[in-house]
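Below is one structure, written out as structure tokens; comments come after it.
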């Protein structure tokens, strides 16, 4: 049971050595930046703040509370938003985007922890203030974790599961002591992924209800105006307390930020072409190559930028919902995965711009693709290795390459063999089970690009007598159905970082299978997968961590929960020439919070 200790005068004694306050913490190794660093290496410290920017997103919003299940996918962007910058709510520490997983002081000026990570103590910056001028206190920190545990959504509600006690230490510090079930990533999750909320400005009785009342935060912006479902505008807080601390220098550079909402990406792009939106991240190679022949590009008022991050590929693909009995058979999923003709789709739909994805962490040392399991990894796997495809285990596995015709008989024959092992054969032109029930399912899509992929897959499935219907739904219905796992197959993207950790529980663990709002879209509930996730979370060295991620990668690939599609190793962004950005591109790619308005420079 979690114990909350009332204010005490605390003398820390850990053996014979007192923990020294540090300016930053890293998941593995030490922070790259020294204690006297002036700013992150990927910002312009001399940028003049001012001007404005307009972002555009597809969707809608009806709430300003992103921390509850009811509005988790319909909260206005920017309130709690690492992509744009957390405008309103902040964390105890801020993550550097030029290191795999390192955090530096924000609300917490310094931290203290021990080598075994049995506790962490956050020493708050005495200057930290809420937007109403009240100080940020240890009571706010304790309140935040408790209210999120009681009324928040996953993953915020899970933060205290392995915390034994929270203690207020003196006037400016909070100490978390962990129980024996805690993993080594937890201190960093508490520090860098949990919002700190103002106790004096929140009613616990109504916290779990959607609201459009502008909140009190500690961040650099306040909400200026909003039109539910249409737009929200933030204005700079002139009294923002952290504008000069090292982790914030060169960030949050606009006086005004507007986020506009659109029902479809096509209308968003039209708004960008007219100048109503200043930034357009483009994920389609065909669109990137062919859609920018409008006057603003010709005149130079729109600039196209290409960035090359040093990130793993992630996984984009068709996800089979194994909660549906039809997808409970691993051989069936493997057979269905072979039927998609990537070579045809890449050539005919995408001008051969994409690379086939073969691993959840492709393009990094964490990937198992092309790498045989070494002695360290085999020891880590133990008997689990017998459940992994031998070709995946020895690094020789590759998804088949078709002739690009859309009807490669050799690959389709391989799929038929696997489907037969799963109990399916072709009867009267239909792929059917032993009872004669035809194999049929629905692919739910969210937009025209996903629908295009689904139609390509549907065409190939039809050749083997498999019926796939396609249902394209609007954004709100898509969010509702995915949150409640009400689908057969969806198209989904899993981002991957160089420091995977607790998010893997939400994506793949038994604990998340039936918990609405998690990212376990495939419905995975496998004790061996749970074990491998724990290996990632408890790894103490970089070598053990790499071995743990690779073994997890192999297990997911062997399960064929996702039909891998493709990726690109670049980031494409079109922008108004009025918007500038630093020349330095960090490890994680471009960072919008570091961009600025050129017109005020």
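Residue numbers (our numbering): 259 to 859. Positions of the beta carbon are idealized from the N, C-alpha and C atoms, including for glycine.
- With distances taken between CA atoms, residue 639 lies nearest to 808 out of 808, 430, 299, 699.
- Residue 697 counts as buried, since at least 16 other C-beta atoms from the protein chains shown sit within 10 angstroms of its C-beta.
- Its chain contains 542 as the residues whose beta carbon lies nearer than 7 Å to that of residue 707, once the 5 sequence neighbours on both sides are disregarded; these appear in chain order.
- Assigned with DSSP and collapsed to three states, residue 792 falls in helix.
- Residue environment analysis places residue 606 among the exposed positions, since fewer than 16 neighbouring C-beta atoms fall within 10 angstroms of its C-beta.
- Taking 3 residues as the minimum length, the beta strand (DSSP E) runs contained wholly in the segment 400-443 are 421-427, 431-436, in order along the chain.
- Distance from residue 315 to residue 550 at the Cβ level is roughly 20 Å; contact not present, criterion being Cβ atoms closer than 8 Å.
- Taking residue 775 as the centre and dropping the five residues before and after it, the same chain places the C-beta of 327, 330, 411, 412, 741 closer than 8 Å to its C-beta, in chain order.
- The beta strand (DSSP E) runs lying completely inside the segment 751-790 and spanning 3 residues or more number zero.
- Under the rule that a run must span 4 or more residues, the alpha helix (DSSP H) segments found entirely inside the segment 620-681 read 633-639, 648-651, 667-679.
- In this structure, DSSP gives residue 572 a state outside helix and strand, which the three-state scheme calls coil.
- Secondary structure at residue 387: strand, using DSSP grouped into helix, strand and coil.
- As summarised for the segment 337-370, the continuous beta strand (DSSP E) elements at least 3 residues long and confined to that stretch are 351-353, 360-363, given in chain order.
- Distance check between residue 437 and each of 374, 430, 683 places 374 closest, using alpha-carbon atoms only.
- For residue 514, the beta-bridge partners assigned by DSSP are 310, 493.
- The C-beta separation of residue 843 from residue 567 comes to about 7 Å, placing the pair in contact by the 8 Å criterion.
- Annotated as distal: residue 465 and residue 448, with beta-carbon spacing of 8 Å or more.
- At the C-beta level, residue 663 and residue 821 stay beyond 8 Å of one another.
- Assignment of residue 289 by DSSP, reduced to helix, strand and coil, places it in the coil class.
- Under the three-pair Cβ rule at 8 Å, the segment 599-613 does not count as touching the segment 783-800.
- Beyond the five residues adjoining it in sequence on each side, residue 293 comes within less than 7 Å, by CB distance, of 281 in the same chain, given in chain order.
- The C-alpha of residue 578 lies about 6 Å from the C-alpha of residue 746.
- With fewer than 16 other Cβ atoms inside 10 Å of its own Cβ, residue 458 counts as exposed.
- Taken atom to atom, the span from the alpha-carbon of residue 660 to that of residue 672 is near 12 Å.
- Every alpha helix (DSSP H) stretch that sits fully inside the segment 536-598 and reaches 4 residues is listed by chain position as 543-548, 553-556, 588-597.
- The three-state secondary structure of residue 683, taken from DSSP, is strand.
- Across the structure, residue 756 and residue 622 are spaced so that their CA atoms are roughly 8 Å apart.
- Taken in chain order, the unbroken stretches of beta strand (DSSP E) that lie wholly in the segment 783-852 and span 3 residues or more are 820-822, 829-834.
- Take residue 587, set aside five residues on each side of it, and the residues of its chain with a beta-carbon closer than 7 Å to its own are 680, in chain order.
- Annotation: the continuous beta strand (DSSP E) that includes residue 379 extends over 377-382.
- Distances from the alpha-carbon of residue 382 to those of 400, 555, 469, 714 put 400 closest.
- Measuring C-alpha to C-alpha distances from residue 790 to each of 828, 814, 780, 342 identifies 814 as the nearest.
- Check the Cα spacing between residue 361 and each of 645, 802, 571, 286: the tightest is with 286.
- Burial state of residue 828 is exposed, judged by a 10 Å Cβ sphere holding fewer than 16 other Cβ atoms.
- With fewer than 16 neighbouring CB atoms inside 10 Å of its own CB, residue 467 falls in the exposed class.
- Taking all protein chains shown into account, residue 419 has fewer than 16 neighbouring C-beta atoms within 10 Å of its C-beta and is therefore exposed.
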